[in-house]
Amino acid sequence: MSAPDYSQIRQQFPILQLNENGQTLVYLDSGATSQKPQSVIDAVQNYYSAENANVHRGVYGLSERATEKYEGARDKVKQFLNAQASEEIVFVRGTTEAVNLVAQSWGRDNLKPGDEIIISEMEHHSNIVPWQMLRDQIGIKLSVLPINDQGEISLETFKEMVSEQTKLVSIVHMSNALGTINPVKQMTEIAHNAGAIVMVDGAQATSHMQVDVQEIGCDFYATSGHKMYGPTGIGVLYGRQELLQAMPPYQGGGDMIYSVTFEKTEYNVLPYKFEAGTPHISGAIGLAAAIDFLESIGLDNIAEREAELLQYATEKLSGIEGLQIIGQAANKGAVVGFVIEGVHPHDMATLLDQDGVAVRAGHHCAMPVMQHFKVPATIRASFGIYNNLEDIDRLVNSIEEAKMMLL
Ligand code: 7TS
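Taking numbering that gives the first Met the number 0, I'd label the letters of the sequence shown as residues 0 to 406.
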């Protein structure tokens with residue numbers, strides 16, 4: 000594929016034409032949620048204008064067409080993640096719901112007191128709290144793989160930690176607070192050798208790099224549509240068919256049943272067993288359009304372009320006196336978290352906003368990462384495919400100006 004025209008790609012995002020406080024918006028918070036290209040907005044609008052009906056139930060044409068579109072979106076996700084079958088793709092609200100589903104369905108059904116789950120110190124709260132809830136419900140042990148001061152895990156330490164007791168490892172693919180990209184394929188191999196299964200939190204990964212669940216070898220993979228240029232409220236749980244097949248439903252209701260009497264309910268086949276109630280039809284259709292958008296650029300091109308942005312941002316930000324980057328992993332995605340001596344992150348983010356520069360300040364739902372680095376919060380610039388070098392220059396200039404006001 001030839002190099003894409005990135006200024007043309009940026010033009011596809013109407014929101015980036017907005018003026019914020021008198022200046023063109025510089026959006027540097029794609030880690031929280033990405034902006035949406037016109038093609039995704041059109042797909043959602045077209046669904047409601049010309050295709051809306053409930054799925055899997057009507058015998059009339061409109062409902063059949065809505066069902067085809069919804070199931071077509073599932074096939075698209077299957078191909079995007081390289082799952083073996085569409086039955087392995089469960090539509091959920093997002094990564095958070097996917098982790099809760101696995102914890103409550105697989106976890107409650109397969110774990111007993113004393114069994115161990117391993118997560119890492121760099122997890123987002125959504126890959127910590129559901130496991131803590133499970134721990135408190137059934138008495139399992141929750142162990143934490145530490146990170147070093149670069150923000151990396153060690154495969155050696157991981158190897159030593161995993162034991163016969165370990166039944167599941169749940170690890171983030173790319174950290175939202177540090178940018179670290181974890182060696183999930185090697186970790187899966189190590190876990191599998193010890194007889195444990197592996198869940199990967201891919202919320203930050205699927206918009207930045209090619210993800211192939213069969214290549215990784217993981218058992219579950221979770222991601223969120225809204226971080227990959229798709230709508231909010233739609234996400235994906237990939238699960239190996241054999242595992243999903245054996246798991247009990249997570250929620251009960253319509254669509255997830257085959258037959259119901261007051262005595263007994265027979266559950267529907269995969270993946271419907273896990274999709275109780277009317278699903279987020281427009282969300283799935285919008286997500287399919289987002290995948291088309293990503294694939295029209297090419298995930299390898301995206302990774303290359305964002306590596307350039309990361310390198311430029313790292314270089315420029317490192318030149319600011321008193322600024323310290325939190326998270327310096329050798330393998331890193333386009334996220335830069337940092338602190339500035341003597342400046343509270345929230346004050347800085349507020350001043351940057353006045354210049355039209357949107358960054359996030361806070362703990363990024365990864366409080367243990369803040370605890371590791373002994374900071375209350377960081378400022379985070381996270382990049383998407385629409386960002387360019389001028390955005391980074393605007394960020395750096397605004398920081399310099401804000402510093403003069405604050406210090
Ligand atoms: N896992 C990671 C690594 C994340 O970054 C996030 C959201 C989630 C899970 C949860 O995803 P959700 O779509 O279910 O909410 N991260 C962020 C963030 O960095 N800023 O806002 C949300």
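No residue lacks a Cβ here, since even glycine has one placed at the ideal position from N, Cα and C. It should be emphasised that the depicted structure is a prediction, and the values quoted were computed from it without experimental measurement.
Secondary structure of E96, DSSP reduced to three states: Here the question's residue 96 lines up with position 97 in the sequence shown. Helix, per DSSP.
Cβ-heavy atom distance, G234 to the ligand 7TS, below 7 Å: Taking the sequence shown and counting its residues from 1, the one referred to as residue 234 is at position 235. For the ligand 7TS, at least one heavy atom lies less than 7 Å from the Cβ of G234.
Run of the beta strand (DSSP E) containing L24, from where it starts to where it stops: Against the sequence shown, residue 24 aligns to sequence position 25. Per DSSP, L24 belongs to no beta strand (DSSP E) and is neither H nor E.
Sequence-distant residues of the same chain with beta carbon closer than 8 Å to V335, five excluded per side: Within the sequence shown, the letter at position 336 stands for residue 335. Contacts found: G178, L309, A312, T313, L316, I324, G326, R379, A380 and S381.
M198: first and last residue of the uninterrupted beta strand (DSSP E) it sits in: Translated into positions along the sequence shown, residue 198 becomes position 199. That run of the beta strand (DSSP E) goes I196 to D200.
3-residue-minimum beta strand (DSSP E) runs that sit fully inside the region 179-246, ordered along the chain: 196-200, 219-223 and 234-238
Near the ligand 7TS: C364 beta-carbon under 7 Å from a heavy atom: Mapped onto the sequence shown, residue 364 falls at position 365. True, at least one ligand heavy atom lies under 7 Å from that Cβ.
Sequence-distant residues of its chain with Cβ nearer than 8 Å to D41 (five each side left out): In the sequence shown, the residue the question calls residue 41 occupies position 42. For D41, where only same-chain residues beyond five positions count, the Cβ hits under 8 Å are A288.
Bounding residues of the beta strand (DSSP E) (the contiguous stretch that carries Q323): Walking along the sequence shown from the start, residue 323 turns up at place 324. Segment L322 to I325, the beta strand (DSSP E) holding Q323.
Check: T94 C-beta below 7 Å from any heavy atom of the ligand 7TS: Here residue 94 corresponds to residue number 95 of the sequence shown, with the count starting at 1. T94: yes, Cβ under 7 Å from the ligand 7TS.
Range of the contiguous beta strand (DSSP E) that encloses S162: Translated into positions along the sequence shown, residue 162 becomes position 163. Neither: S162 is in no beta strand (DSSP E) and is coded neither H nor E.
From G355, H362, K331 and A333, residue whose alpha carbon lies closest to that of H345: The count along the sequence shown starts at 1 and reaches residue 345 at position 346. Closest by alpha carbon: H362.
Which listed residue (N181, G252 and S258) has its alpha carbon closest to that of M173: Translated into the one-based positions of the sequence shown, residue 173 becomes position 174. For the residues N181, G252 and S258, the minimum Cα distance to M173 belongs to N181.
Near the ligand 7TS: A289 beta-carbon under 7 Å from a heavy atom: Taking the sequence shown and counting its residues from 1, the one referred to as residue 289 is at position 290. Checking the Cβ of A289 against the ligand 7TS gives no.
Where Y271 falls: helix, strand or coil (DSSP): Walking along the sequence shown from the start, residue 271 turns up at place 272. The answer is helix: DSSP assigns Y271 an H, G or I state.
Residue of E122, V395 and L133 minimising C-alpha distance to A109: Along the sequence shown, read from residue 1 onward, the residue named residue 109 stands at position 110. Reading the sequence as shown, one finds Asn at residue 109 and not Ala. Comparing Cα positions, the closest option is L133.
Rounded Cβ spacing between S38 and D291 (contact assumed at less than 8 Å): As a first step, residue 38 must be located in the sequence shown, where it is residue number 39. As a first step, residue 291 must be located in the sequence shown, where it is residue number 292. About 7 Å separates the two Cβ atoms, so the contact holds.
Residue span of the alpha helix (DSSP H) that contains E70, given as start and end: Position 71 of the sequence shown holds residue 70. Per DSSP, E70 belongs to the alpha helix (DSSP H) from G60 to L80.
In DSSP terms, what E265 is bridged to: One-based indexing of the sequence shown puts residue 265 at position 266. Paired residue(s): S258.
Cβ-Cβ separation, F273 to Y249 (assumed contact under 8 Å), whole Å: For the purposes of this step, residue 249 is taken as the residue at position 250 of the sequence shown. For the purposes of this step, residue 273 is taken as the residue at position 274 of the sequence shown. Between F273 and Y249 the Cβ distance is about 6 Å, and since that is below 8 Å, they are a contact.
Rounded Cβ spacing between A376 and M369 (contact assumed at less than 8 Å): Numbered from 1 along the sequence shown, position 377 holds the residue referred to as residue 376. Numbered from 1 along the sequence shown, position 370 holds the residue referred to as residue 369. About 7 Å; that satisfies the 8 Å criterion.
Collapsed DSSP secondary structure at G332 in the structure displayed: For this step, residue 332 is matched to residue 333 along the sequence shown. Coil at G332, not helix or strand.
Distance between H225 and G232 (C-alpha atoms, nearest Å): Within the sequence shown, numbered from 1, the residue matching residue 232 stands at position 233. Within the sequence shown, numbered from 1, the residue matching residue 225 stands at position 226. Each residue's Cα considered, the two are about 7 Å apart.
Top-ranked residue by Cα proximity to A401, from E151, P145, Q213 and H343: Stepping through the sequence shown from its first residue, residue 401 is reached at position 402. Of the listed residues, the one whose Cα sits closest to A401 is H343.
Euclidean distance between Cα positions of D392 and G355: Here residue 392 corresponds to residue number 393 of the sequence shown, with the count starting at 1. Here residue 355 corresponds to residue number 356 of the sequence shown, with the count starting at 1. Cα to Cα, D392 sits roughly 13 Å from G355.
Stretch-stretch touch, CB-based, cutoff 8 Å, three pairs: the region 95-111 with the region 243-262: yes
Reference E70, options V212, L269, P112 and Y59, closest by Cα: Working through the sequence shown from its first residue, we reach residue 70 at position 71. If we check each option's Cα against that of E70, L269 comes out closest.
Run of the beta strand (DSSP E) containing L141, from where it starts to where it stops: Residue mapping note: residue 141 aligns to position 142 of the sequence shown, counting from 1. Start and end: K140 to L144.
Any non-hydrogen atom of the ligand 7TS within 7 Å of A380 CB: Position 381 of the sequence shown, counted from the first residue, corresponds to residue 380. No, the Cβ of A380 stays beyond 7 Å of every heavy atom of the ligand 7TS.
Separation of A72 from Q16, as counted between CA atoms: To locate residue 16, count along the sequence shown from 1; it is residue 17. To locate residue 72, count along the sequence shown from 1; it is residue 73. Their backbone Cα atoms lie some 29 Å apart in a straight line.
Sub-8 Å separation of H207 and N175 beta-carbons: Numbered from 1 along the sequence shown, position 208 holds the residue referred to as residue 207. Numbered from 1 along the sequence shown, position 176 holds the residue referred to as residue 175. Result no, Cβ atoms of H207 and N175 do not sit closer than 8 Å.
V171 beta carbon near the ligand 7TS (any heavy atom closer than 7 Å): As a first step, residue 171 must be located in the sequence shown, where it is residue number 172. Indeed, a heavy atom of the ligand 7TS lies less than 7 Å from the Cβ.
Contact under 8 Å by Cβ, V54 with T66: Along the sequence shown, one-based indexing puts residue 54 at 55. Along the sequence shown, one-based indexing puts residue 66 at 67. Yes, the pair counts as a contact, with Cβ atoms nearer than the cut-off.
C-beta neighbour in chain D for Q370, strict 8 Å: In summary, chain D is missing from the structure at hand, where a single protein chain is found.
M173, DSSP secondary structure in three states: Translated into positions along the sequence shown, residue 173 becomes position 174. If DSSP states are grouped into helix, strand and coil, M173 belongs with the strands.
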